Amino acid sequence: MQDDECKLVLLTGASGSGLSTAMKALEDSGFMAVDNMPLALIDQLVALVVETEERSLAIALDARTTGFSPQAVARLAENLRNKFGDRLSVVHLSASHDDLLRRFNATRRQHPLAETMPLADAVATDAHDMAGLAPLADLHLDTSGMKPAEMRSQLLAALDPEADFRTRVRVVSFSYRRRMPEHTDMMLDMRFANNPHWNTDLRDFTGLDKEVEDFLNADTALQEVMDNFRSMLSAMLKRMEDEGRPLLNLAFGCTGGRHRSVWAAE
């Protein structure tokens, strides 16, 4: 979602309406995401992140926010609107009473207001208070019945209809003789393929060289495996995009990390 002009998003909504999911989605899209920041410090944060560092920023505001009141949030939104114009988006999340109750019961999280009243009353009070912020919003999103992936896709599409939210694939090659890469989601062992190392004419080349490429491309069994892998990966990426996954780390390994893994990664 990042572009040449950084953006500012204020997220409001009752606890349980999906603020955490929304913040994670924006963070994955390149925003700096800040939750539970005291209202008195938000102007300083915006000046540092948006104006000085020129980064897009998302801030979540709810009943836990120090200094919170509908009037104070309204003043903050008005000041930021005057300063940033259409670079500011105010998003209000809501959900039905039954959905909010169900979510708190399912996660067993403590509602911020439940220390002084029963959960059902806490949910109703919080939703009523936060509904007062709805008129400030550019975007209203009712998350009742939504799965996190559906909410993520609707939020991001509404904030930036032109953005491309495809899952990115980061590809590396490595040698099994050395340390395997960390934080890899999927790893394909290329040691089943014929090894160019044992061909003295190819030993000094790498998987980037045409000679090695031609050698491996001539292996019909290898080509069948790679075609099947590409088909599987394509189907997986479609599902990952539907689920809102931003990144897949893919690694190809071989014995020396010089020929087969490099060829596969390329």
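The opening residue of the sequence shown carries number 2 in the numbering used here; numbering runs sequentially from there. From the three backbone atoms N, C-alpha and C, an ideal C-beta is built for every residue, glycine too. Since the model is a prediction, treat every value here as computed from it, not as a measurement.
Following the continuous alpha helix (DSSP H) through residue i, name the residue where it begins and the one where it ends.
i, result
"T108", "H98 to T108"
"S232", "T221 to D243"
"V263", "R261 to A266"
"T67", "Segment: none, T67 is in no alpha helix (DSSP H) and carries neither H nor E."
"H129", "L120 to A132"
"T185", "Per DSSP, T185 belongs to no alpha helix (DSSP H) and is neither H nor E."
"K25", "L20 to D29"
Relative to the C-alpha of residue i, which residue among the options is closest?
i, options, result
"A135", "L62, E214 and N229", "L62"
"F216", "M188, P197, T201 and M181", "P197"
"K8", "N218, A41, D29 and E52", "E52"
"H184", "D243, L249 and L120", "L249"
"D100", "A121, A115 and M38", "A121"
"N80", "Q45, G14 and E28", "Q45"
"V124", "L12, S16 and P247", "S16"
"G254", "M227, M181 and G245", "M181"
"S176", "L89, V47 and R261", "R261"
"A75", "T117, L11 and A26", "L11"
"G257", "M227, A107, R178 and D186", "R178"
"L137", "A115, V91 and T126", "V91"
"A150", "D243, R82, M33 and E6", "D243"
"N195", "V226, F32, D29 and K148", "V226"
"K84", "R103, A48 and P113", "A48"
"G208", "S174, L223 and K148", "S174"
"A73", "G133, N218, D228 and E214", "G133"
"M187", "G31, L223, D220 and F230", "F230"
"E55", "P71, L77, S70 and F32", "F32"
Assign residue i to one of two classes, buried (16 or more other C-beta atoms within 10 Å of its C-beta) or exposed (fewer than that).
i, result
"A252", "buried"
"S232", "exposed"
"Q3", "Unreliable placement is indicated for Q3, whose pLDDT of 44 sits below 50; the coordinate value is still reported in the next sentence. Q3 comes out exposed."
"T13", "buried"
"R259", "buried"
"D205", "exposed"
"G146", "exposed"
"M118", "exposed"
"G86", "exposed"
"A284", "Residue 284 lies beyond the stretch modelled for the chain, which goes from 2 to 267, so this question has no answer here."
Going by DSSP, what residue range makes up the beta strand (DSSP E) through residue i?
i, result
"T207", "Neither: T207 is in no beta strand (DSSP E) and is coded neither H nor E."
"L140", "L140 to D143"
With which residues is residue i paired in a DSSP beta bridge?
i, result
"S174", "F253"
"D190", "G254"
"A61", "L12 and D36"
"H93", "T13 and H141"
"L248", "R169"
Quick one: does the C-beta of residue i sit closer than 7 Å to a heavy atom of the ligand ATP?
i, result
"P197", "The ligand ATP is absent from the structure shown, which contains no ligands of any kind."
Open item on the list: When you compare the segment 60-75 with the segment 12-24, are there three or more beta-carbon pairs, one atom per stretch, that lie closer than 8 Å?
Closed with: yes
Open item on the list: Closer than 8 Å is the cut-off here; do at least three beta carbon pairs connect the segment 165-174 with the segment 228-244?
Closed with: yes
Open item on the list: Under 8 Å: do the segment 136-145 and the segment 88-97 share three or more Cβ pairs, one atom per stretch?
Closed with: Segments in contact, yes.
Task: Meets three-Cβ-pair contact criterion under 8 Å: the segment 249-265 and the segment 183-192 - done: yes
- [ ] Examine the Cβ distances between the segment 66-77 and the segment 35-42 and report whether three or more of them are shorter than 8 Å.
- [x] yes
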